[in-house]
Structure formats: structure tokens, C-alpha cells
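Report on the following structure.
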Amino acid sequence: MKPTLQCPVCGEPLHPEVQSIRCGNRHSFDRSRYGYVNLLQKQKKKLRGDDAEMIRARRAFLDSGAYLPLLEKAAEYAKAAHPVQIADIGCGEGWYSCSLMKMLPEETVLTGIDISPDALRYAAKRAEQCGLTARTEWAAASVSRLPFAKESCDLILNFFAPCEAGEFARILRQEGLLLRAVPLERHLWELKQAIYAEPYENRPVLQAPEHFDLLDVKRISYRFSVSGQQLRNLFAMTPYAHKTSPEDAARLNALDSLEIQAAFGLLICRRR
Ligand SMILES: C[S@@+](CC[C@H](N)C(=O)[O-])C[C@H]1O[C@@H](n2cnc3c(N)ncnc32)[C@H](O)[C@@H]1O
Ligand SMILES: [Zn+2]
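Counting in the working numbering, the sequence shown runs from 1 upward without gaps.
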């Protein structure tokens, strides 16, 4: 059964129609031909989130399995929590969402939320390819206004995406889990060294957001090799792609392969 979304106008539940979803007050939202629904209010439609090129690059890179250790650690906690309703906030192109859902029982359902319609197009397609269309919903919405009823979710995933503690606490049931992934100080260090004369370290916040208790922090660090097109995909999926001058970015083209450090922080937080 697909998860139920909440109408962003009046807060009533949204029910599926043929090519749309609609609430009891006749507020209606189109389902795109790719399968996701757009719940963004007009003023938010200009915020597009990640663009199609970043998303295509992320899909190709994540499909290589380079970040599997992070997924597997998160899956340990997700499985132990026996969630029914999962929300992946800032789900991107859905690699973490769909990979996790494949490991969970049939009764578990997931809603992926992202502000980027391009990301959701890829995510809905990935879900279809994984046979997950009936157990997933994909909606364009902002993290600052999540289309879920109060305390309707058991587990939130929030990987490398904006966090809104108040909204997360509203939609999560008491004692529900928030799994939040952040890049640690030297995540992708060698990639930065290859591009920048003076690379800077990340400054991760390893504390629970307001309304949450921190149960644990896992540091997941390892090295992986990446070459050719995958090296360029890795660069293109990061925020550096938009911040780097063409001259600096060209240094990557001179490299055939690179051994790179992955360093993730996984915060396991419980709603108070
Ligand atoms: C770095 S990507 C991470 C995607 C995915 N969680 C992953 O790890 O592969 C960050 C995602 O957050 C989305 N995003 C950015 N601002 C957002 C907002 N205000 N509300 C919802 N999503 C947002 C972007 O469009 C993008 O898909
Ligand atoms: Zn409504």
C-alpha cells in the first residue's frame, strides 16, 4: 500500500485519483508522467534543489556501490527499529531509499521528499526498476513544510540534506528514529587535494537536533579507488562542481584514477 500524504493547503489526507492526488476539500495535485507528485506551493517552485546533471552523476556514482558501507550501517539501525512508515527527506535520486527498502519487509512503506523535481523523476524510475512502486511515494516538497500528518512516521532518513528539527519532530512519532548522515572532516580529501591548492576540512555537526536525543554516532571511514568517468561523476555530484573554477576542475581530467577517503558520520537520534 502506498503511503498517505497530507494536503499542503488544508492538512487533510490526499487520496489517489487516476493522474493526481486529491483531498476531501478538492485540492488536487498532478502526478507527473514519471510517477512523482508535485506538492510545492508556487513560491517554492523556483527553488529547484539539485539539477539534472548533478543527479545523473550521483545516480551513476552511487550505483557503483562505493557508499555501500554507509547504507549497510544505516540498514542495521533501520531493521532493528521495525518501521512501517519511513520518510527520506532530501532523498535525491533514491539510491539509499530504494536500497534500504529492498532489505525491509513488505509492510514497510517509504515516502521520498525532495525539492528537486529532477531528482524525483530519477527516484520514481529507480523505484519502478526495483519493483517498489506500490510501496513508495515520491513528492516534491520542501523540508520546511513536510506533507505528513503529526506523528505519522516511524523513521526519518536525512542523508546529506537540510535538516529541519521542528518539522522532523512534528511528523515523527514519539521515540521514532532519525538517521542523519553527514560528511566528516576529511570526506573526499584526496579529491579536494587534486583540485584545490588549499583544500579545507568539513565541519560536521555531530549533535542531535533540537527535540531529539543522540543515541549514538558512528564514524564510517574507508578508502576506495575511483577512475575514469566515475571520478568525474563523483566530482559532478558534489557541491564543488558549482564552486570550482574551470581551471581547477580541469586538473581532474589529467587523472586516470584516484584513491579517496570516504568519511561519514551517521547520527542515530531518537525523538523525545
Ligand atoms: C547532497 S543531495 C543528497 C541526496 C540523497 N539523500 C543522497 O544522499 O544521495 C541533497 C538533496 O537535498 C535536496 N534539497 C535541498 N534543499 C532542500 C529543501 N529545502 N527541501 C527538500 N530537499 C532539499 C536536493 O535537491 C538534493 O537532492
Ligand atoms: Zn486540501
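Note that the Cβ used here is the ideal one computed from N, Cα and C, for glycine as well.
Asked                                                                                                                                         : Found
Confirm, please, whether the CB-CB distance from cysteine 91 to isoleucine 113 is below 8 angstroms.                                          : yes
Assuming histidine 211 and alanine 161 make a contact with CB atoms under 8 angstroms, what is their CB distance in whole Å?                  : That pair is no contact at about 18 angstroms.
When the Cα of arginine 201 is compared with those of Pro83, Pro209, Ile195 and Leu188, which residue comes out closest?                      : It is worth fixing the name first, because residue 201 is glutamate in this sequence and not arginine. Here the closest residue by C-alpha is Leu188.
When a residue counts only if its C-beta is closer than 5 angstroms to some heavy atom of ligand 2, which residues count, in chain order?     : Cys7, Val9, Cys10, Glu12, Cys23, Asn25 and His27
Can you tell me whether alanine 161 sits near ligand 1, meaning its C-beta is under 7 angstroms from at least one heavy atom of the ligand?   : yes
Could you have a look at aspartate 63 and say whether DSSP puts it in helix, strand or coil?                                                  : coil
Measure the Cβ-Cβ separation of isoleucine 156 and leucine 172 and say whether it is below 8 angstroms.                                       : yes
Please name the residue in Leu70, Thr238, Arg48 and Phe29 whose C-alpha comes closest to that of phenylalanine 264.                           : Leu70
Please report the distance separating the alpha-carbon of serine 245 from that of alanine 123.                                                : 30 angstroms
In this structure, how does DSSP classify leucine 188 when only helix, strand and coil are distinguished?                                     : coil
Less than 8 angstroms separating the beta-carbons of glutamate 93 and alanine 119?                                                            : yes
Is the beta carbon of serine 144 closer than 8 angstroms to that of glutamate 167?                                                            : yes
Quick one: is lysine 192 buried, meaning 16 or more other Cβ sit within 10 Å of its Cβ, or exposed?                                           : buried
With DSSP as the reference, identify every bridge partner of leucine 181, one or two as the case may be.                                      : According to the sequence displayed, residue 181 carries alanine and not leucine. Per DSSP, Phe159 and Leu266.
Can you list, in chain order, the stretches of the alpha helix (DSSP H) that have 4 or more residues and sit fully within the stretch 8-63?   : 52-62
Count the other CB atoms within 10 Å of the CB of proline 105; is the residue buried (16 or more) or exposed (fewer)?                         : exposed
Who does aspartate 216 pair with in a DSSP beta bridge?                                                                                       : Ile268
May I ask you to report which of helix, strand or coil DSSP gives isoleucine 113?                                                             : strand
Within the present structure, is the beta-carbon of isoleucine 21 separated from the nearest heavy atom of ligand 1 by less than 7 angstroms? : no
Measuring CA to CA, which of Ser64, Leu267 and Tyr36 is closest to leucine 178?                                                               : Leu267
Tell me the DSSP secondary structure of glutamine 85 in three-state form.                                                                     : strand
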